[in-house]
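A.B. asks:
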DNA sequence: TTTAACTGTTCAACTATTTAACTATTAACG
DNA sequence: CGTTAATAGTTAAATAGTTGAACAGTTAAA
């Protein structure tokens, strides 16, 4: 059979997605290793992007419970990477921002990851990798819809 | 700019890979929820595929330390999903196999995941998703090379 | 036969996560 | 207004997964 049927594709997708996930994580850990876990790096990344956000916002973006965010933020706060500031108008709300140290650490790690990913991407034909990323982004949207229900 | 440069592609890849990883995990957890974690499911999947394997083999495949495997296997062994059998010729070695219960649980969960992934894949043009998976598999190989060094 | 290598386990420490109970604050409405 | 709802975030206990270091038992090599 030259044309794979749906069942084959499903099998291959399941296998390859798990494999790539694991290998990418371990590659980042081994080659970056910046005292930041994957989740911590992406938390810094998000806060850096939006400038300032709340725990609830992070919980929704990362699709975990708020208490998980509290725990993670506390660990990074203890390392001096993140600042907590109470809103003076609504004193329930706590704004999260990067400290200088957090920002510097993030930028350094991000640069390394960038180089790493670039070296991977450069091993592909540009049209191929571009199409790949576009389909990946479509998949991301489809997953958002599926999860939202 | 119609043609994205490399930096854009790298940014987009980093963002989308993390997002899809999180969303897929949470979708599986919410819609499958079979008393198995993701890692446990993939462990059962691997053992089911090869029939029988050792801790060291799993540690290498999943790229974690052997003590992590011991802990995970112990948890599944306590649930009656996995059997440990000492090699009579080389008494250092312990073979891991699925129990009846482990096999049944795996097959049930696998079927659900299969249906879920199929429903996702069916929302794409078949040629597009096929190309996507092929590039994904190439990426997997590239990551293997990068990790092996 | 002593030494080296290998397989797997245990233990302490850590990150990440959920659930449930809780505090403090703000909003709603009767 | 005052009681009740909802909201934002935290705490605590439990579980999963992970590393690193030390260790036991077994086999291979010198």
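Chains as they are written, first to last, in UniProt numbering: chain R, 1 to 149; chain E, 1 to 149.
Beta carbons are placed, not taken as given, at the ideal position from N, Cα and C, and that holds for glycine.
Just so you know, these numbers come straight off a predicted model, no measurement behind them.
1. Looking at the structure shown, is residue 149(R) part of a helix, part of a strand, or coil, going by DSSP?
2. Can you give the Cα-Cα distance for residue 49(R) and residue 77(E), rounded to whole angstroms?
3. Quick one: residues in its chain with C-beta nearer than 7 Å to the C-beta of residue 111(R), no 5 flanking neighbours on either side, listed in chain order?
4. Using the C-alpha atoms, what's the distance from residue 144(R) back to residue 23(E)?
5. Could you give the distance in angstroms between the alpha-carbon of residue 42(R) and the alpha-carbon of residue 61(R)?
6. Please report the distance separating the alpha-carbon of residue 83(E) from that of residue 103(E).
7. Going by beta carbon distance, what residues of the same chain come within less than 8 Å of residue 27(E), once the five residues before and after it are set aside?
8. Mind checking residue 9(E): buried by the 16 CB within 10 Å criterion, or exposed?
9. Is residue 54(E) near residue 81(E), with beta carbons less than 8 Å apart?
10. Does DSSP put residue 133(E) in a helix, in a strand, or in coil?
11. Given a limit of 9 Å on CB to CB distance, which residues of the region 1-28 of chain E reach chain R?
12. Measuring alpha carbon to alpha carbon, tell me which residue in 79(R), 123(R), 137(R), 86(R) is nearest residue 158(R).
13. Compare the beta carbon distance of residue 73(E) and residue 59(E) with 8 Å and say whether it is the shorter of the two.
14. 8 Å is my cut-off, CB to CB: does residue 140(E) come that close to chain R?
15. So which residues on chain E does residue 137(R) lean against when the C-beta distance must stay under 8 Å?
16. Could you work out which residue in 40(E), 91(E), 31(E), 121(E) is closest to residue 135(R) when comparing CA atoms only?
17. Which stretch, first to last residue, makes up the alpha helix (DSSP H) that contains residue 32(R)?
18. Residues of chain E with a CB under 7 Å from the CB of residue 143(R): which are they?
19. Could you pull the DSSP bridge partners for residue 75(R) from this structure?
20. Between which two residues does the alpha helix (DSSP H) carrying residue 105(R) extend?
21. If we count the other Cβ atoms within 10 Å of its Cβ and call it buried at 16 or more, is residue 109(R) buried or exposed?
22. Which residues, in chain order, does the region 77-110 of chain R contribute to contact with chain E at a C-beta distance below 8 Å?
C.D. replies: On the basis of the data shown:
1. Bear in mind that a pLDDT of 42 at residue 149(R), under 50, signals an unreliable position, so the number given afterwards is only what the model happens to contain. Correct three-state label for residue 149(R): coil.
2. 44 Å
3. none
4. 7 Å
5. 11 Å
6. 11 Å
7. 116
8. buried
9. no
10. helix
11. 3, 4, 6, 7, 9, 10, 11, 12, 13, 14, 15, 16, 17, 18, 19, 20, 21, 22, 23, 24, 25, 26, 27
12. What is shown of chain R runs 1 to 149, which leaves residue 158(R) out entirely.
13. no
14. yes
15. 12, 16
16. 121(E)
17. Neither: residue 32(R) is in no alpha helix (DSSP H) and is coded neither H nor E.
18. 20, 23, 24, 27
19. DSSP lists no partner for residue 75(R).
20. 100-121
21. buried
22. none
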